[in-house]
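S.K.: I am attaching a structure below and will ask some questions about it afterwards.
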Amino acid sequence: MSEPIKRRAGTKMVPYPSQSIVPERDLNVQPVLETRHLGIEFGGLKAVDDFNLIIGRTEIAGLIGPNGAGKTTVFNLLTKVYEPTQGTILINGHDTKGLNIVQAAHLGIARTFQNIRLFNQMTVEENVRIGLHNQIKYDMLTGILRLPRYWKQEARQHRQALELLSIFDMQDLADVRAGSLPYGAQRRLEIVRALATNPCLLLLDEPAAGMNPHETEELMENIAKIRDQFHIAVLLIEHDMSLVMGVCEGICVLNFGKVIAKGTADDIQANPVVIEAYLGKRKEG
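So the sequence shown is numbered by our numbering: it starts at 11 and just counts up by one.
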């Protein structure tokens, strides 16, 4: 965080109620995500405390902070892996209190994981089609008897899977076993599978982990492409600051479970509190 990072021309960010900012294009549209005083305790320890965040409907946002800051815990709260100790999570205005993981997914929230979680023995296409399961439009009997509706839906899902894979030019790998893919390709496949669920908010947990600079540059372009093509919001956790500063419009910084800064890339790079959290306080003398 010590040197400014080159980034592409940014979107104009404008004030939004609750002391937040959103892209100007999302100002008059209901936010895809809003958290209010969100928190969780484990054995009396506050892992996340008073977390407030608003994400515009088509915003690419970043959640950053030192290791152990609570970033993945926030993702687990948003996806209902954990139930908050306090606070509220709204997805498209719907309160997620009491919902489980599946019900939250039906509201339109999808994620990838810090540690890749693919079905390694299945093919690339089969992994994507697992994400398409909520779009199946035939009943069990139709599937058992292989009626015409079954084959029609199967052909449709095959086309959908290939279209999604084409985002990362992976359509020619459809029949390859997922576990045999290079690490970077597995990362991309996990993103495609998440997109297959037709989300309104895509959560990416360290998507550039293990990627070389060229792959990271491609990922940056593809995240923007995904937002533009699917008209969805993206929230990413990432330690690669070239990716964060290059693609994120709004950035939230966590440290010890608390928000210490929110703003644009320029705001965050110039914030002395953020610099201290990453680099430590300089000794005088």
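Even glycine gets a Cβ: it sits at the ideal position worked out from N, Cα and C. Bear in mind the structure is a predicted one, so any value in this text is a computation, not a measurement.
Can you name the start and end residues of the beta strand (DSSP E) that E135 belongs to?
M.R.: Element bounds for E135: not the beta strand (DSSP E) but the alpha helix (DSSP H), 134-141.
S.K.: Verify whether the separation of the beta carbon atoms of F85 and D250 is less than 8 Å.
M.R.: Going by C-beta atoms, F85 is not nearer than 8 Å to D250.
S.K.: Flag this pair as touching only if the segment 95-109 and the segment 165-178 have three or more C-beta atom pairs under 8 Å; answer yes or no.
M.R.: No, they do not touch.
S.K.: Would you check if the distance between the CB atom of M180 and the CB atom of L199 is smaller than 8 Å?
M.R.: Yes, these two residues count as a Cβ contact at 8 Å.
S.K.: Enumerate in chain order the residues of its own chain whose CB-to-CB distance from K16 is below 7 Å, with the five nearest sequence positions on each side excluded.
M.R.: Bear in mind that the predicted position of K16 carries a pLDDT of just 48, short of 50, making it too unreliable to give a figure here.
S.K.: Between which two residues does the beta strand (DSSP E) harbouring K235 extend?
M.R.: Taken as a continuous stretch (DSSP letters only), K235 belongs to no beta strand (DSSP E), being part of the alpha helix (DSSP H) at 223-240.
S.K.: Take P209 as the anchor and find which of A184, P158, T68 has the nearest alpha-carbon.
M.R.: With distances taken between Cα atoms, P209 lies closest to T68.
S.K.: Given a threshold of 16 other Cβ atoms within 10 Å of its Cβ, counted over all protein chains shown, does P94 qualify as buried or as exposed?
M.R.: Under this definition P94 is a buried residue.
S.K.: Rounded to the nearest angstrom, what separates F240 and L172 at their Cα positions?
M.R.: Distance between the alpha carbons of F240 and L172: 16 Å.
S.K.: In this structure, how does DSSP classify P282 when only helix, strand and coil are distinguished?
M.R.: In the structure shown, P282 sits in a helix (DSSP, three-state: H, G or I).
S.K.: Start and end of the beta strand (DSSP E) containing S252?
M.R.: Premise fails: S252 lies in the alpha helix (DSSP H), 251-257, not in any beta strand (DSSP E).
S.K.: If you compare alpha carbons, which of L229, G66, L73 is closest to I278?
M.R.: It is L73 whose Cα lies nearest to the Cα of I278.
S.K.: Does the Cβ-Cβ distance between L264 and G53 come in under 8 Å?
M.R.: Result no, Cβ atoms of L264 and G53 do not sit closer than 8 Å.
S.K.: What residue from M255, P33, V257, R169 has the CA that sits closest to L142's CA?
M.R.: Comparing Cα positions, the closest option is R169.
S.K.: Using the Cα positions of T83 and V58, report the straight-line distance between them to the nearest angstrom.
M.R.: Taking the straight line from one Cα to the other gives about 7 Å.
S.K.: DSSP three-state call for P33: helix, strand or coil?
M.R.: Three-state DSSP puts P33 in a strand.
S.K.: Starting from T82, trace the alpha helix (DSSP H) in both directions and tell me its first and last residue.
M.R.: Its alpha helix (DSSP H) spans residues 81-88.
S.K.: Out of G108, P192, L87, V186, which has the shortest C-alpha to C-alpha gap to R121?
M.R.: Closest by alpha carbon: L87.
S.K.: Using C-beta distances below 6 Å, list every residue in its chain close to S30, excluding the 5 sequence neighbours before and after it, in chain order.
M.R.: Counting only Cβ-Cβ distances below 6 Å, and skipping sequence neighbours, we find I64.
S.K.: Relative to the alpha-carbon of Y242, which residue among R203, L211, R35 has its alpha-carbon at the smallest distance?
M.R.: Per the sequence shown, residue 242 should be read as Ile rather than Tyr. Closest option to I242, Cα to Cα, is L211.
S.K.: Contact check, A132 vs A218 under 8 Å by CB: the rounded distance?
M.R.: The question names Ala, but residue 132 in the sequence shown is Met. Actually they are not in contact, since the Cβ atoms of M132 and A218 sit about 25 Å apart, beyond 8 Å.
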